[in-house]
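Student: First residue of the sequence shown: 8, per the working numbering; consecutive thereafter. Every residue, glycine too, gets a C-beta built ideally from N, C-alpha and C. Below you'll find the structure I mean.
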Amino acid sequence: MKNKTYNKKKILVVFVCAALILCALIGRLVWLMIFDAEYYQELAQDLHEREREIKAARGEIVDRNGVVLATNRTVCTISVIHSQVGDPERVIEVLSSELEMEESEVREKVEKVSSMERIRTNVDKETGDRIRDYDLAGVKVDEDYKRYYPFDDLASRVLGFTGGDNQGIIGLEVKYEDYLKGTNGTILTVTDARGIELDGVAEDRIEPVDGQTLRVSLDYNIQAYCQQAAENVMEEKQAEAVSILLMNPQNGEILACVNVPEFDLNDPYELNNGVDADSLSDEELQDQLNQMWRNRCINDTYEPGSTFKIITASASLEEGVVSLDDTFFCPGYRIVEDRKIRCHKVGGHGQETFVEGIQNSCNPVFMDIGLRLGSDRFYDYFEKFGLLKLTNVDLPGEAGTIMHRKEDIGTVELATMTFGQSFQVTPIQMAVTVSSIINGGTRVTPHVGMAVLDENGETVEAFDYETEDGIVSEETSETMQMLLESVVSEGSGKNAYIEGYSIGGKTATSQTLPRSANKYISSFIGFAPADDPQILGIVIIHDPQGVYYGGTIAAPVLRDIYDNVLPYLGIEKN
């Protein structure tokens, strides 16, 4: 009796356990089939569907006249689908031969068990077509796009370049990425459980949307001519680098931006300074590349030297602390506190008017009017002229002004600041600030991007840029036009004079830090026509050898440029 009862209990326990397990399985099955069905349907779909990306063509960059500065070349991406490869040895042989790759490298990828393995990207179309003609099972040849720059190194730091994924890295390519990149498409195919594509099932395809065309203010002809001029003077003076910036002072459009030596946009990781990349560590190489990619006009600051006298003179005229008839005496230096600060003319200029002081680029004259202005008001004009904020140019990495704190500006600092020493600005900042002084008093936003175009060349979006009026009065602006024209026609900028044209400008020669290195920067800012400025240019020559005065070597560069560019722009001689 006892055994029967015991057996019944055992059977009951087993039955109950089995029932509970069965209920759990049924519950799990109900959960999977009803409540979690969508998740597993997606997993099954992912298992049986293979998605390949179709790259969108990146939008072109064209100059103001429609000349293509950046476009695309068709390239191919070579991939293998492991489950579909029928003759792996043949695939390895063909791909290693056609792609000029090590057989071991190709074998590793072909034999790797994965849904799809990429062998190589950016393969030229001719090679891709040859591989496609072999009709190798499991080998996919997808067409892709690679960025191509028709003029190699032209405006390299302005245009910028793209990376392996066709994404912008520097310059306009990264600034206008959202407009240029487009939207990739997809190809969707169905496979069986082994991952082999099914022939009888239709292929789904989502077409890519190509990027939009960016129209920029650069003029190919002006850019090319400025680059040639910069390369010539760099070679002639054995200079470290030369920068040239041309812009419309009325609206901020940049017509040319040159930084030689430029680098090859189609091979942007090749150093342009003759250094063997193999001799450098990865960190050293990256540092050299970063330096090579820098846009000196935007990313670097310098002491502007005597070109800054334009700002000092404008502030003094605005504040009424000087008039054109004021007279000064230059013995060749000024004693400021315990410092003897020299004029560039050792024997001095003697007695001279304010007009003659500008023409002679006389340091003592500007120290005198700066001291009349005082450090507080001088600093206030720094702010008013916009020198303490960014220009907001539409290129990445703009540097800001390096300036004394207001409370740290003593008499010596003020004296040196009046002729452009002891602080630093960017070339683009100087160009914009001088533009606001000679265009009637409007501070413009410098820019390269003008509009976005569709595939038919029609404007989709035109860019607007901020302006600020009242930087100086119309009277001060006209006075500065007259004064700076006299610098070219009668004074230190006479090497920029072109018969028949009224050109205004200012020369500068500044010493780099540390002063003991005896390195100089020669520069010239000039605009034309003087009484109605339509173009403003700045030439900066870094560390020229031999004669290094701005009036001697920088002014002639802009003169030669204007001799060709002014007629090209339709600006006629008087």
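Given Y504, which residues of its chain have a CB within under 8 Å of its CB, disregarding the five upstream and five downstream residues?
Tutor: One-based indexing of the sequence shown puts residue 504 at position 497. So the list reads V495, S496, I510, R566, once near-sequence residues are dropped.
Student: Take the Cβ of Q219 as the centre, count every other Cβ of all protein chains shown within 10 Å, and call the residue buried at 16 or more, exposed below.
Tutor: Position 212 of the sequence shown holds residue 219. Buried, since its Cβ has 16 or more Cβ neighbours within 10 Å.
Student: Tell me whether C233 is buried or exposed, calling it buried when 16 or more other Cβ atoms sit within 10 Å of its Cβ.
Tutor: The count along the sequence shown starts at 1 and reaches residue 233 at position 226. With 16 or more Cβ atoms within 10 Å of its Cβ, C233 is classed as buried.
Student: Use the C-beta contact count for Y569: other C-beta atoms within 10 angstroms, 16 or more gives buried, fewer gives exposed.
Tutor: Within the sequence shown, the letter at position 562 stands for residue 569. Under this definition Y569 is a buried residue.
Student: Measure how close the beta-carbons of M489 and I317 come, nearest whole angstrom, since I'm counting them as under 8 Å.
Tutor: Start at 1 with the first residue of the sequence shown, and residue 489 comes out as number 482. Start at 1 with the first residue of the sequence shown, and residue 317 comes out as number 310. That belief does not hold up - the Cβ atoms of M489 and I317 are roughly 13 Å apart, past 8 Å.
Student: Just to confirm my understanding: we take E260, look at its own chain, exclude 5 residues before and 5 after, and list those with CB closer than 6 Å. What are they?
Tutor: For the purposes of this step, residue 260 is identified with residue 253 of the sequence shown, where counting begins at 1. These residues qualify, in order along the chain: S224.
Student: Throw me the rounded Cβ distance for the W300 and R522 pair, which I believe falls under 8 Å.
Tutor: For the purposes of this step, residue 300 is identified with residue 293 of the sequence shown, where counting begins at 1. For the purposes of this step, residue 522 is identified with residue 515 of the sequence shown, where counting begins at 1. About 29 Å separates the two Cβ atoms, so there is no contact after all.
Student: Do A246 and V240 have their C-beta atoms closer together than 9 Å?
Tutor: Locating residue 246 in the sequence shown gives position 239, where the first residue counts as 1. Locating residue 240 in the sequence shown gives position 233, where the first residue counts as 1. Cβ distance < 9 Å, so A246 and V240 count as in contact.
Student: Thinking just about the alpha-carbon of each residue, which of A144, N502, F336, V75 is nearest to the one in D159?
Tutor: On the sequence shown, position 152 is the one that residue 159 refers to. For the residues A144, N502, F336, V75, the minimum Cα distance to D159 belongs to V75.
Student: In this structure, what does DSSP give as the bridge partners for D131?
Tutor: As a position in the sequence shown, residue 131 is number 124, starting the count at 1. Looking at the DSSP assignment, D131 forms a beta bridge with V82.
Student: Whose CA, out of H351, I305, E363, lies closest to the CA of L397?
Tutor: In the sequence shown, the residue the question calls residue 397 occupies position 390. The candidate whose alpha carbon is nearest that of L397 is I305.
Student: Within its chain, find whatever has a CB closer than 6 Å to the CB of H454; leave out the 5 residues flanking it on each side and keep chain order.
Tutor: The count along the sequence shown starts at 1 and reaches residue 454 at position 447. For H454, where only same-chain residues beyond five positions count, the Cβ hits under 6 Å are G259, D401, Y472.
Student: May I have the straight-line CA-CA distance separating E560 from G500, to the nearest angstrom?
Tutor: In the sequence shown, the residue the question calls residue 560 occupies position 553. In the sequence shown, the residue the question calls residue 500 occupies position 493. First, the amino acid is wrong: residue 560 is Ile here, not Glu. Between I560 and G500, the C-alpha separation is close to 11 Å.
Student: Roughly how far, in whole angstroms, is the beta-carbon of L221 from the beta-carbon of L187, given that I think they are within contact range, below 8 Å?
Tutor: If you number the sequence shown from 1, residue 221 lands on position 214. If you number the sequence shown from 1, residue 187 lands on position 180. At roughly 6 Å, the Cβ-Cβ gap stays under 8 Å, so L221 and L187 are in contact.
Student: My assumption, with CB atoms under 8 Å, is that L166 sits in contact with I68. Please give the rounded CB distance.
Tutor: On the sequence shown, residue 166 is found 159 positions in, with the first residue counted as 1. On the sequence shown, residue 68 is found 61 positions in, with the first residue counted as 1. 6 Å between Cβ atoms; contact.
Student: Might you give, ordered along the chain, the residues of its own chain that have their beta carbon closer than 6 Å to the beta carbon of I88, omitting 5 neighbours on each side?
Tutor: Indexing the sequence shown from 1 puts residue 88 at position 81. Around I88: M123, G145.
Student: If you follow the beta strand (DSSP E) that A263 is part of, which residue opens it and which one closes it?
Tutor: Within the sequence shown, residue 263 is the residue found at index 256, counting from 1. Run containing A263: 261 to 267, per the beta strand (DSSP E) assignment.
Student: Have a look at F389 and V479 and give me their C-alpha separation to the nearest angstrom.
Tutor: Mapped onto the sequence shown, residue 389 falls at position 382. Mapped onto the sequence shown, residue 479 falls at position 472. Spanning the two alpha carbons is a distance of roughly 12 Å.
Student: I need the boundaries of the beta strand (DSSP E) containing I305, first residue and last residue.
Tutor: By 1-based counting over the sequence shown, the position of residue 305 is 298. Segment 303 to 306 is the alpha helix (DSSP H) holding I305; no beta strand (DSSP E) there.
Student: For L573, which of S313, I177, A537 has the nearest alpha-carbon?
Tutor: The residue labelled residue 573 in the question sits at position 566 within the sequence shown. The candidate whose alpha carbon is nearest that of L573 is A537.
Student: Can you check whether the CB of A562 is closer than 9 Å to the CB of T514?
Tutor: The sequence position of residue 514 within the sequence shown is 507, counting from 1. The sequence position of residue 562 within the sequence shown is 555, counting from 1. In this structure, A562 lies closer than 9 Å to T514 by Cβ.
Student: Please state whether DSSP places I545 in a helix, a strand or coil.
Tutor: Within the sequence shown, residue 545 is the residue found at index 538, counting from 1. Strand.
Student: Restricting to Cα atoms, I'd like to know which of S90, F168, Q174, Q257 is closest to I444.
Tutor: What you label residue 444 is simply residue 437 of the sequence shown in a count that begins at 1. Nearest C-alpha to I444: Q257.
Student: So what does DSSP say about C350, is it helix, strand or coil?
Tutor: Taking the sequence shown and counting its residues from 1, the one referred to as residue 350 is at position 343. Coil.
Student: Just to confirm the assignment: which complete alpha helix (DSSP H) runs, minimum length 4, are found wholly within the segment 464 to 550?
Tutor: 481 to 497, all fully within the segment 464 to 550.
Student: Quick one: which unbroken beta strand (DSSP E) runs of 3-plus residues sit fully inside the segment 404 to 460? Chain order, please.
Tutor: List check, beta strand (DSSP E) in window: 456 to 460.
Student: Buried or exposed for S330, please, with buried defined as at least 16 other CB atoms from any protein chain shown within 10 angstroms of its CB.
Tutor: Residue numbering aside, residue 330 sits at position 323 when the sequence shown is read from its first letter. Classification for S330: exposed.
Student: Would you mind working out which of D140, E290, D70, A248 sits nearest Y7, comparing C-alpha positions?
Tutor: With the chain running from 8 to 581 in the structure shown, residue 7 is simply not present.
Student: Would you decide whether K62 is buried or exposed? Buried here means 16 or more other CB atoms lie within 10 Å of its CB.
Tutor: Numbered from its first residue, the sequence shown carries residue 62 at position 55. Burial call: buried.
Student: Could you name the residues of the same chain whose beta carbon sits closer than 8 Å to that of L543, not counting the 5 residues immediately before and after it, in chain order?
Tutor: By one-based count along the sequence shown, residue 543 stands at place 536. L253, M254, N255, P256, A438, V441, S442, I445, I532, G533, F534, listed in sequence order.
Student: Any idea what DSSP makes of F389, helix, strand or coil?
Tutor: If you number the sequence shown from 1, residue 389 lands on position 382. Helix at F389.
Student: How many whole angstroms separate the CB atoms of V216 and G189, which I take to be in contact at a CB cut-off of 8 Å?
Tutor: For the purposes of this step, residue 216 is taken as the residue at position 209 of the sequence shown. For the purposes of this step, residue 189 is taken as the residue at position 182 of the sequence shown. At roughly 5 Å, the Cβ-Cβ gap stays under 8 Å, so V216 and G189 are in contact.
Student: Closest to D476 by C-alpha separation, out of G447, L491, I435, E462, would be which residue?
Tutor: Here the question's residue 476 lines up with position 469 in the sequence shown. When each option's Cα is compared against that of D476, the closest is G447.
Student: Identify whether G557 lies in helix, strand or coil by the three-state DSSP scheme.
Tutor: Along the sequence shown, read from residue 1 onward, the residue named residue 557 stands at position 550. Correct three-state label for G557: helix.
Student: Return the residue from the list V113, D94, R65 that minimises the CA-CA distance to I85.
Tutor: Position 78 of the sequence shown, counted from the start, is the residue given in the question as residue 85. The option with the nearest alpha carbon to I85 is V113.
Student: Could you have a look at A209 and say whether DSSP puts it in helix, strand or coil?
Tutor: What you label residue 209 is simply residue 202 of the sequence shown in a count that begins at 1. Unreliable placement is indicated for A209, whose pLDDT of 48 sits below 50; the coordinate value is still reported in the next sentence. Here A209 sits in coil by DSSP.
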